Amino acid sequence: MTQKSTYLDIQGQKLKVIVQPHPTSKKLSLRLVAGKAAVKVVCPPNYPFADILDFVERQKNWIADRLDKQTAPVSYEDGANIPILGRHHKIVRIEPGTKTHSQKGAAWLEANQLYIKSHTEHLPRRVRDFLKRQVRFEIDLRAREKAAKIDKKIAAIRIKDTTSRWGSCSTKGNLNFSWRLIFSPEEVLDYVVAHEVAHLEHMNHSPAFWALVDQLTDARKTSQKWLKLNGNQLMSYG
Numbered sequence: 009m010t011q012k013s014t015y016l017d018i019q020g021q022k023l024k025v026i027v028q029p030h031p032t033s034k035k036l037s038l039r040l041v042a043g044k045a046a047v048k049v050v051c052p053p054n055y056p057f058a059d060i061l062d063f064v065e066r067q068k069n070w071i072a073d074r075l076d077k078q079t080a081p082v083s084y085e086d087g088a089n090i091p092i093l094g095r096h097h098k099i100v101r102i103e104p105g106t107k108t109h110s111q112k113g114a115a116w117l118e119a120n121q122l123y124i125k126s127h128t129e130h131l132p133r134r135v136r137d138f139l140k141r142q143v144r145f146e147i148d149l150r151a152r153e154k155a156a157k158i159d160k161k162i163a164a165i166r167i168k169d170t171t172s173r174w175g176s177c178s179t180k181g182n183l184n185f186s187w188r189l190i191f192s193p194e195e196v197l198d199y200v201v202a203h204e205v206a207h208l209e210h211m212n213h214s215p216a217f218w219a220l221v222d223q224l225t226d227a228r229k230t231s232q233k234w235l236k237l238n239g240n241q242l243m244s245y246g
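Under my numbering, the first residue of the sequence shown carries the number 9, and numbering increases by one thereafter.
Written as structure tokens, this is what we have:
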């Protein structure tokens with residue numbers, strides 16, 4: 009079964025339902041698509057489509073409530089505020105060629121501000137590129153340090169724009185992470201990295217796996233709670 013979509017009426021609102029099969033999924037999971045009247049359902053392969061729609065229908069009150077509370081999208085524009093590792097930063101656009109007191113390249117962080125040298129039309133892309141570089145640096149540093157602690161090697165680290173999970177680990181030792189973790193608090197990002205590195209040792213969620221996660225980070229429970237309450241908001245930036 010490949011990804012497919014349809015529309016349902018949820019309390020008078022037309023809702024797009026995106027169904028995404030995943031090879032390791034054991035059950036149905038549902039997530040709102042930030043900034044849109046849409047939900048994504050991740051399901052096991054070959055799961056009956058009619059049963060998925062029935063599942064969404066049973067969740068219609070929860071969906072309607074979340075749609076009402078959904079955070080409006082935040083655009084990457086001059087003056088906008090975005091969290092970087094959980095701390096709010098104001099985007100400040102500087103016209104290319106402008107001399108500044110600090111020659112730090114085309115983009116840099118300083119005093120809770122994100123400075124970007126860019127023409128207006130290129131600003132969103134340059135902000136996104138900067139954020140992806142930042143999160144790659146943060147994740148790479150933590151992942152390799154944690155892997156060394158348990159004497160494991162990482163085959164590759166990939167930064168992706170995933171919407172169904174914050175990270176994953178393949179049997180070949182490839183670690184994948186959502187670039188949107190850059191918006192989460194530092195301890196939350198650290199937990200997600202610890203979670204995936206622990207899968208290099210245990211490709212399951214056994215007690216031994218969780219014990220190893222706790223060896224690699226001290227913020228497991230608080231981070232899990234934070235992601236459950238705030239994870240959808242990370243999709244609203246940009």
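C-beta atoms are modelled at their ideal positions from N, C-alpha and C, and glycine is treated no differently.
As the structure is a prediction and not an experimental result, all values here were calculated from the model.
Which same chain residues, not among the five before or five after residue i, have their C-beta less than 7 Å away from its C-beta?
i   : result
A45 : Q21, K22, L23, K24 and L75
A7  : Nothing about residue 7 can be reported from this structure: the residues present for the chain run from 9 to 246 only.
Determine the closest residue to residue i out of the options, with distance taken between C-alpha atoms.
i    : options                  : result
K12  : K34, L40, C51 and Q19    : C51
E85  : R136, V47, W174 and A58  : R136
I18  : I26, V205 and E65        : E65
T128 : V221, I99 and T179       : I99
S186 : N89, E209 and R166       : R166
N54  : N69, D73, E195 and V27   : V27
E194 : R95, Q67, N89 and P56    : R95
E118 : T170, H97, T106 and L131 : H97
K154 : D226, T10, P132 and K140 : D226
K160 : Q67, G181 and L61        : G181
R134 : G113, R152 and N120      : G113
N120 : A88, P56 and T10         : A88
R141 : K168, Q67 and D73        : K168
P56  : T10, G105, T106 and R228 : T10
Near residue i, what residues of its chain come up, given a Cβ to Cβ distance below 8 Å and the 5 sequence neighbours on each side ignored?
i    : result
L197 : L93, V143, E146, I147, R150, L189 and I190
F63  : L36, L38 and V49
I102 : T108, Y123, I124, K125 and S126
L61  : T14, L16 and V25
Looking only at its chain, what residues have a beta carbon closer than 6 Å to the beta carbon of residue i, apart from the 5 residues adjacent to it on each side?
i    : result
H8   : Absent from the model: residue 8. The displayed extent of the chain is 9 to 246, so no value can be given.
E204 : G175, C177 and L183
P91  : F191
Let me confirm a value: residue i is counted as buried when at least 16 other C-beta atoms fall within 10 Å, else exposed. Which label applies?
i    : result
S83  : exposed
K34  : exposed
Y15  : exposed
L237 : exposed
S231 : buried
Q207 : Per the sequence shown, the amino acid found at residue 207 is His instead of Gln. Buried is the call here.
A156 : exposed
A58  : exposed
State yes or no: is the C-beta of residue i within less than 8 Å of the C-beta of residue j?
i    : j    : result
W174 : V200 : yes
L220 : I162 : no
T179 : M211 : yes
S214 : P81  : no
A164 : F138 : no
G246 : P132 : yes
Looking at the C-beta of residue i, does it have a partner C-beta in chain D at a distance below 8 Å?
i    : result
A115 : Looking at the structure shown, chain D is missing, and only one protein chain is on hand.
Residue i and residue j look like a contact to me (Cβ under 8 Å); what is the Cβ gap, rounded to whole Å?
i    : j    : result
L224 : A202 : 4 Å
V41  : I71  : Wrong, their Cβ atoms sit about 11 Å apart, outside the cutoff.
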